[in-house]
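Counting along the sequence shown from 1, when you hit position 7 you're at 7 in my numbering, and nothing is skipped either side. Yeah, the Cβ is synthetic: ideal placement off N, Cα and C, and Gly gets one too. Because the structure is a prediction, the values reported are computed rather than measured.
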Amino acid sequence: MIDKIKNFIQRKFFRNAQARWNHQYATGQWDGLKEVVELERQQVIQTFFNQFKPDGSLLEFGCGFGVLPAQVFQSKGYSKYLGIDVSDFVVEKAQSFADKRTFFEVGDMENYVFREKWDAIVLNECIYYAKDIPKLITHCLKNGLKTDGVLIVSSHEFKRSAAIWNDLNQQMTLLDSKIVENERSRWRIAILKPFYPEIQRIKV
Ligand SMILES: C[S@@+](CC[C@H](N)C(=O)[O-])C[C@H]1O[C@@H](n2cnc3c(N)ncnc32)[C@H](O)[C@@H]1O
């Protein structure tokens, strides 16, 4: 009871993202993410990763229940996977899929302190929750991606989508993209690489 009151205060008065997500997960509002209709978009992420970074390292922001490593990759096809989510409730659920190459952590993508650089970072249905999207993209490119690394972004289509893709286009080149549509929603999944203008200048 005390935990419920604390969560309510954090959500309603402090607009705390972790408390909000924990509440939504605990009340089953996101159980649908594990359903078959959600798998096709996740498989596109796997296809792009396999094509551009086979057996590379993969960091996923907004990992939720761990559907991508557990149901799609099935712990194969990457050298290392780290799933990050702001909800400690859902990360605890995802931990059941951890193995010697698959790890999960609680963290906020916008303030995440990268301890290593990755072949691919996936922003999986979470980019639109960032308070400052251009800053999040810069943070990933500058601090989290290897020089030849790629960003994979999955975002359902809604009124802010065009602005989000425009923010990505300011810092990155599109390598490929695919639309997935079914009775539940319409998503765009894209793989992009950074411009890194300073590296281009050296080459010239
Ligand atoms: C719509 S769900 C998508 C979950 C999963 N990627 C999927 O596609 O099934 C969005 C996820 O992003 C997480 N999230 C929201 N804001 C976040 C933040 N600032 N840092 C990390 N994760 C965040 C939520 O907790 C939630 O698990």
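Gln74 to Leu68 span [Cα, whole Å]: Working through the sequence shown from its first residue, we reach residue 74 at position 74. Working through the sequence shown from its first residue, we reach residue 68 at position 68. Distance between the alpha carbons of Gln74 and Leu68 is about 8 Å.
Nearest-angstrom Cα separation, counted from Met1 out to Leu141: Position 141 of the sequence shown, counting from 1, holds the residue named residue 141. Position 1 of the sequence shown, counting from 1, holds the residue named residue 1. Distance between the alpha carbons of Leu141 and Met1: 42 Å.
Status (buried if at least 16 other CB within 10 Å, exposed otherwise) for Ile152: Working through the sequence shown from its first residue, we reach residue 152 at position 152. Buried is the call here.
Endpoints, the beta strand (DSSP E) within which Arg186 is located: If you number the sequence shown from 1, residue 186 lands on position 186. Where Arg186 is concerned, the enclosing beta strand (DSSP E) stretches over 186-194.
heavy atom of ligand 1 below 7 Å from Gly107 C-beta: If you number the sequence shown from 1, residue 107 lands on position 107. Gly107: yes, Cβ under 7 Å from ligand 1.
Unbroken alpha helix (DSSP H) run spanning Lys135, endpoints: By 1-based counting over the sequence shown, the position of residue 135 is 135. Looking at the DSSP string, the run of the alpha helix (DSSP H) that includes Lys135 is 133-139.
Whether Trp118 touches Leu168 by CB criterion (8 Å): The residue labelled residue 118 in the question sits at position 118 within the sequence shown. The residue labelled residue 168 in the question sits at position 168 within the sequence shown. Contact flag unset, no.
Inter-residue Cα distance where the pair is Val90 and Thr147: Residue mapping note: residue 90 aligns to position 90 of the sequence shown, counting from 1. Residue mapping note: residue 147 aligns to position 147 of the sequence shown, counting from 1. Each residue's Cα considered, the two are about 31 Å apart.
Spatial neighbours of Tyr25 in its chain, beta-carbon cut-off 7 Å, leaving aside the 5 residues before and after: Against the sequence shown, residue 25 aligns to sequence position 25. Ser87, Phe89, Val90.
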